[in-house]
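**Student:** Quick note, the sequence shown lines up with residues 17 to 310 if you use the working numbering. All C-beta atoms, glycine included, are put in the ideal place defined by N, C-alpha and C. My questions all concern the structure below.
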Amino acid sequence: MNLEQLPALTVLSDNVTIVEKDDVKIVRVIHEKASAGICLHGGHVVSFQPKGQPDLIWMSEQAIFDGKAALRGGIPVCWPWFGRIAAPAHGFARNSEWTLLEHRENENGVIVELGLLPSESTLAVWPHQFQAHLLVEIGDELKVTLDVTNTDTQAWTFSGALHTYLTVGDIEQAATTGMGPEYIDSLKDGEICQGGETLQLTDTIDRVYTQPSAQITVQDPVLNRSLVVENQGHNSAVLWNPWAEGAQGMGDMQDDGYQTFLCVESTLHAPSIEQGKTLQPGESHQLVTTLSSK
Ligand code: TA6
17 MNLEQLPALT
27 VLSDNVTIVE
37 KDDVKIVRVI
47 HEKASAGICL
57 HGGHVVSFQP
67 KGQPDLIWMS
77 EQAIFDGKAA
87 LRGGIPVCWP
97 WFGRIAAPAH
107 GFARNSEWTL
117 LEHRENENGV
127 IVELGLLPSE
137 STLAVWPHQF
147 QAHLLVEIGD
157 ELKVTLDVTN
167 TDTQAWTFSG
177 ALHTYLTVGD
187 IEQAATTGMG
197 PEYIDSLKDG
207 EICQGGETLQ
217 LTDTIDRVYT
227 QPSAQITVQD
237 PVLNRSLVVE
247 NQGHNSAVLW
257 NPWAEGAQGM
267 GDMQDDGYQT
277 FLCVESTLHA
287 PSIEQGKTLQ
297 PGESHQLVTT
307 LSSK
């Protein structure tokens with residue numbers, strides 16, 4: 017996503033400016049190493065562009081920046097649950113207004129830290145006290161850490177994902193390796209399936225891979241690069257593309273949008289909130305994704 021033309025609201029430093037797209041404020045980073053954008057709405061990374069390269073992050077041309085809808089594309093922060101196991105889908109974090117806590121920079125890049133605390137609306141759908149921090153490290157690579165802490169007096173359970181939309185030149189030519197040998201097929205009622213080959217898509221896919229490799233690679237002959245995804249704090253990796261029919265059914269994605277992205281997600285998957293990961297009072301968990309290209 018091109019952030020250069022957006023009007024500046026506040027200049028925070030040589031490298032960091034707050035800009036605005038419609039009703040959404042975006043922390044814009046322009047650094048020698050890379051440029052990036054992180055929306056306060058959703059804590060949503062909408063761009064990461066190492067110097068001289070096309071954006072690694074795909075954004076829909078029809079994404080709605082009204083400060084209410086979840087943004088289509090980027091890195092949605094799905095928390096405190098992943099999927100449609102409760103409402104709203106993928107949790108409330110991607111629809112909440114985050115606060116800019118800190119920004120730091122040196123010759124290697126910029127670190128932006130956002131925070132989210134409980135509010136009336138979060139407590140209405142998930143009655144627990146928490147503290148969430150999103151640490152976005154922009155340099156030669158992009159590292160996003162969702163750090164959640166139980167600040168309640170009782171244990172709670174959660175799931176989640178960093179739901180990255182990666183840019184590819186042509187979905188049918190992109191070859192993905194490292195997803196691992198086993199997956200839960202969301203398009204077949206959650207059937208457990210085997211198959212760990214190189215994946216080159218010809219149709220829609222929606223799978224939770226349960227044993228992903230430490231590195232997932234998307235080789236892109238059109239943009240002439242390989243994207244490398246390294247996740248931590250996850251229990252699975254999701255691969256998703258809605259294909260033509262799915263894209264047509266979405267009001268916030270152009271019909272041919274599916275041709276130029278692939279979601280590779282750092283996921284803590286659970287079939288229900290209760291079966292998610294437990295955090296005792298005072299405990300924290302970090303869900304991480306790191307993206308680079310070579
Ligand atoms: O991560 C894959 C998935 O859960 C799919 O099932 C698909 O619906 C996608 O996320 C997008 O969800 P959204 O709520 O953003 O439309």
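(1) What first and last residue would you give for the beta strand (DSSP E) that runs through W256?
(2) Between K125 and K49, how many whole angstroms is the CB-CB distance? I'm expecting something under 8 Å.
(3) Please go through the same chain and pick out, in chain order, the residues whose beta-carbon is closer than 7 Å to the beta-carbon of G83, but skip the five residues on each side of it.
(4) At a cut-off of 7 Å, is E261 close to the ligand TA6 when judged by its beta-carbon and the heavy atoms of the ligand?
(5) Give every residue of the same chain whose Cβ lies closer than 6 Å to the Cβ of I54, excluding the five residues on either side of it in the sequence, and list them in chain order.
(6) Taking 7 Å as the cut-off, does the CB of E153 come closer than this to any heavy atom belonging to the ligand GDP?
(7) Is Q275 helix, strand or coil by DSSP?
(8) Determine the direct distance from the alpha carbon of L303 to that of R100, and round the result to whole angstroms.
(9) Buried or exposed: K37, going by 16 or more other Cβ atoms within 10 Å of its Cβ?
(10) With a 10 Å radius around its C-beta and 16 neighbouring C-beta atoms as the bar for buried, classify C209 as buried or exposed.
(11) Could you give the distance in angstroms between the alpha-carbon of H149 and the alpha-carbon of V93?
(12) What's the gap between the Cα of V224 and the Cα of L243?
(13) Using only alpha-carbon positions, find the residue among D30, L130, Q235 and T283 that is nearest to F277.
(14) DSSP three-state label for E153, please.
(15) Are the beta-carbon atoms belonging to F64 and L307 less than 8 Å from one another?
(16) Which first and last residues belong to the beta strand (DSSP E) in which V43 is found?
(17) On the CB-based measure, 16 or more other CB atoms within 10 Å of its CB, does E118 come out buried or exposed?
(18) At a cut-off of 7 Å, is G99 close to the ligand TA6 when judged by its beta-carbon and the heavy atoms of the ligand?
(19) Under a three-way DSSP split, which group does G262 fall into?
(20) Note down, one range per segment and in chain order, each beta strand (DSSP E) of at least 3 residues found wholly within the stretch 36–97.
(21) Could you tell me whether the Cβ atoms of T115 and L130 are closer together than 8 Å?
(22) Express the C-alpha separation of L178 and N31 in angstroms, rounding to a whole number.
**Tutor:** Let's see:
(1) Within the sequence shown, numbered from 1, the residue matching residue 256 stands at position 240. Run containing W256: S252 to N257, per the beta strand (DSSP E) assignment.
(2) For the purposes of this step, residue 125 is identified with residue 109 of the sequence shown, where counting begins at 1. For the purposes of this step, residue 49 is identified with residue 33 of the sequence shown, where counting begins at 1. The question names Lys, but residue 125 in the sequence shown is Gly. The pair is a contact, with the Cβ atoms about 5 Å apart (cut-off 8 Å).
(3) Here residue 83 refers to the residue found at position 67 of the sequence shown. Close CB contacts of G83 within its chain, under the 7 Å cut and outside five residues either way in sequence, are with D39, V40 and H57 (chain order).
(4) Translated into the one-based positions of the sequence shown, residue 261 becomes position 245. Short note on E261: C-beta not closer than 7 Å to any heavy atom of the ligand TA6.
(5) As a working mapping, residue 54 is identified with position 38 in the sequence shown. Take I54, set aside five residues on each side of it, and the residues of its chain with a beta-carbon closer than 6 Å to its own are V43, V61, V128 and V152, in chain order.
(6) Looking at this structure, you won't find the ligand GDP anywhere; what it does contain is the ligand TA6.
(7) The residue you call residue 275 lines up with position 259 of the sequence shown. Shown here, Q275 sits in a helix according to DSSP, grouped into three states.
(8) For the purposes of this step, residue 100 is taken as the residue at position 84 of the sequence shown. For the purposes of this step, residue 303 is taken as the residue at position 287 of the sequence shown. Between R100 and L303, the C-alpha separation is close to 19 Å.
(9) The residue labelled residue 37 in the question sits at position 21 within the sequence shown. It is buried - the Cβ of K37 has at least 16 other Cβ atoms within 10 Å.
(10) What you label residue 209 is simply residue 193 of the sequence shown in a count that begins at 1. Residue burial is scored here from C-beta neighbours: C209 has fewer than 16 other C-beta atoms within 10 angstroms and is therefore classed as exposed.
(11) Within the sequence shown, numbered from 1, the residue matching residue 149 stands at position 133. Within the sequence shown, numbered from 1, the residue matching residue 93 stands at position 77. Rounded to the nearest angstrom, the two C-alpha atoms are 11 Å apart.
(12) Indexing the sequence shown from 1 puts residue 224 at position 208. Indexing the sequence shown from 1 puts residue 243 at position 227. Spanning the two alpha carbons is a distance of roughly 19 Å.
(13) Against the sequence shown, residue 277 aligns to sequence position 261. If we check each option's Cα against that of F277, Q235 comes out closest.
(14) Against the sequence shown, residue 153 aligns to sequence position 137. In the structure shown, E153 sits in a strand (DSSP, three-state: E or B).
(15) Position 48 of the sequence shown, counted from the start, is the residue given in the question as residue 64. Position 291 of the sequence shown, counted from the start, is the residue given in the question as residue 307. In contact: F64 and L307 (Cβ atoms closer than 8 Å).
(16) The sequence position of residue 43 within the sequence shown is 27, counting from 1. Residues V40 to I46.
(17) Counting from 1 along the sequence shown, the entry for residue 118 is found at position 102. It is exposed - the Cβ of E118 has fewer than 16 other Cβ atoms within 10 Å.
(18) In the sequence shown, residue 99 corresponds to position 83, counting from 1. G99 has its Cβ nearer than 7 Å to a heavy atom of the ligand TA6.
(19) Numbered from 1 along the sequence shown, position 246 holds the residue referred to as residue 262. DSSP places G262 in the helix class (H, G or I) of the three-state scheme.
(20) Annotation: the stretch 36–97 contains the following complete segments of the beta strand (DSSP E) (minimum length 3 residues), in chain order: 40–46, 50–55 and 60–66.
(21) Here residue 115 refers to the residue found at position 99 when the sequence shown is read from its first residue. Here residue 130 refers to the residue found at position 114 when the sequence shown is read from its first residue. Contact flag set, yes.
(22) Counting from one through the sequence shown, the residue named residue 31 turns up at place 15. Counting from one through the sequence shown, the residue named residue 178 turns up at place 162. The C-alpha of L178 is placed about 25 Å away from the C-alpha of N31.
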